[in-house]
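Residue numbers (the working numbering), protein chains in the order written: chain A, 1 to 201; chain B, 202 to 402.
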């Protein structure tokens, strides 16, 4: 990956180092594979930097990304890099130090999750936030996009944020520093292939 | 990530399980970020499955993906998942159990690297191969694309392969099961931002 040179030198009065160390809001969107996988790859890199990483999963899936969770927990347990905290929405999921009622609406669970992120951002709990599939509750109107954009835009200190999911809202894209769209060129499901362990989860 | 249903059921005489467990050739291409990061995310998942993972880096970069390497080596050292073997092209890089002459041409080093992969595939050394930035020596004509396609198409057993890099050759795309194009929507370098530790490497 060539690091290259910036195509413009901004007239913002900042030194190169200050700009280099700026916290980034990163979005992985599009209909293709790799959005979350690349976000967990960033978590890997962040761990190696000694960053504390907070993972927040916004959509319950059958497999809960168990491979990534197991690997990141194993990394955290080595004590060589940063800590990794893993938050899931749904059953057994305890944000805000309490269990969410399993009969609660998923929308409420999503809002509770966002409230926790908001508190963590204010407290500068993590250096890297993986907000996995956050775009869906935004699209569904469960969480207010304008509020998310405002909180992320004004977050204090040096906290990197990665948001994944299809159809990232335009206001979030506008606020982001780095946006990558993953596009499906060819997928095995097109040829009748089902998802498989180790590849899909 | 919804796993969904295959859009067609192929008339290939295979059971769903056989199709599900088919080894995949995966390509991450395009000009955007996340191609290699997502490949290392797959390595994370493969490790958690207990797969032996072989990483082959085809383009020397200033930072050598040290974060990913450190993390994957730390994971391998836990002994909880699979083994991870990391191969670099260039100085200090020892494919085929010998050091490549540091004065050798990079093209020769790339060919030696490919020869090692070919042997590993024949020997079924790994369950997952990360061929990082292989597309470049293919594009530059250092390694023969037709040979690579043939070796990958006819690889024995259950060996997953992920190839990353811009401008994947059409013959390789044709042979692949899953191809994702990462497209840059917005990048901090456009605003004068330079690469930074933990995000770019």
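Yeah, the Cβ is synthetic: ideal placement off N, Cα and C, and Gly gets one too.
- Of all residues in the segment 36-50 of chain A, the ones placed with a Cβ closer than 8 Å to any Cβ belonging to chain B are 36, 37, 38, 39, 40, 41, 42, 44, 45, 46, 47, 48, 49, in chain order.
- For the pair of segments examined, the segment 142-151 of chain A was found not to touch the segment 348-355 of chain B: the number of CB pairs separated by less than 8 Å stays below three.
- In the structure shown, residue 86 of chain A adopts extended strand secondary structure according to DSSP, grouped into three states.
- Across the set B/317, B/260, B/269, the C-alpha of B/260 shows the shortest separation from the C-alpha of residue 290 of chain B.
- The alpha helix (DSSP H) runs lying completely inside the segment 325-388 of chain B and spanning 4 residues or more are 336-340, 346-354, 371-376, given in chain order.
- Cβ contact annotation for residue 385 of chain B (same chain, cutoff 6 Å, sequence separation greater than five): 232, 233, in chain order.
- Taking C-alpha positions only, residue 317 of chain B is separated from residue 238 of chain B by approximately 23 Å.
- Contact of residue 182 of chain A with chain B is assigned, a C-beta pair being separated by under 8 Å.
- For residue 271 of chain B, the closest Cβ of chain A is nearer than 8 Å.
- Close CB contacts of residue 377 of chain B within its chain, under the 6 Å cut and outside five residues either way in sequence, are with 226, 228 (chain order).
- Just so you know, the alpha carbons of residue 109 of chain A and residue 137 of chain A end up roughly 10 Å apart.
- Checking the DSSP bridge columns, you'll see residue 29 of chain A partnered with A/181.
- Taking each of B/383, B/381, B/387 in turn and checking the Cα distance to residue 179 of chain A, the smallest one comes out for B/387.
- Exposed is the label assigned to residue 170 of chain A, since fewer than 16 other Cβ atoms lie within 10 Å of its Cβ.
- The beta-carbon separation of residue 161 of chain A and residue 39 of chain A, rounded to 10 Å, does not stay under the 8 Å limit for a contact.
- Among the residues facing chain A, residue 355 of chain B is not included, as its CB has no counterpart in that chain under 8 Å away.
- The closest CA to that of residue 173 of chain A, considering only A/85, A/29, A/79, is found on A/29.
- As computed with DSSP, residue 55 of chain A is found in a beta bridge with A/86, A/130.
- Separation of the CB atoms of residue 141 of chain A and residue 35 of chain A is rounded to 21 Å, and the pair is thereby denied contact status at 8 Å.
- The Cβ atoms of residue 283 of chain B and residue 248 of chain B lie closer than 8 Å to each other.
- In the structure shown, residue 223 of chain B adopts coil according to DSSP, grouped into three states.
- Not a single C-beta of chain A is nearer than 8 Å to the C-beta of residue 332 of chain B.
- Non-local C-beta neighbours of residue 321 of chain B in its own chain, meaning closer than 7 Å and more than five positions away in sequence, comprise 255, 327, ordered along the chain.
- In this structure, the alpha-carbon of residue 51 of chain A lies about 9 Å from that of residue 84 of chain A.
- CA-to-CA, the gap between residue 275 of chain B and residue 49 of chain A works out to about 13 Å.
- Taking the Cα of residue 313 of chain B as reference, the smallest distance to any Cα among B/325, B/278, B/258, B/360 is reached at B/258.
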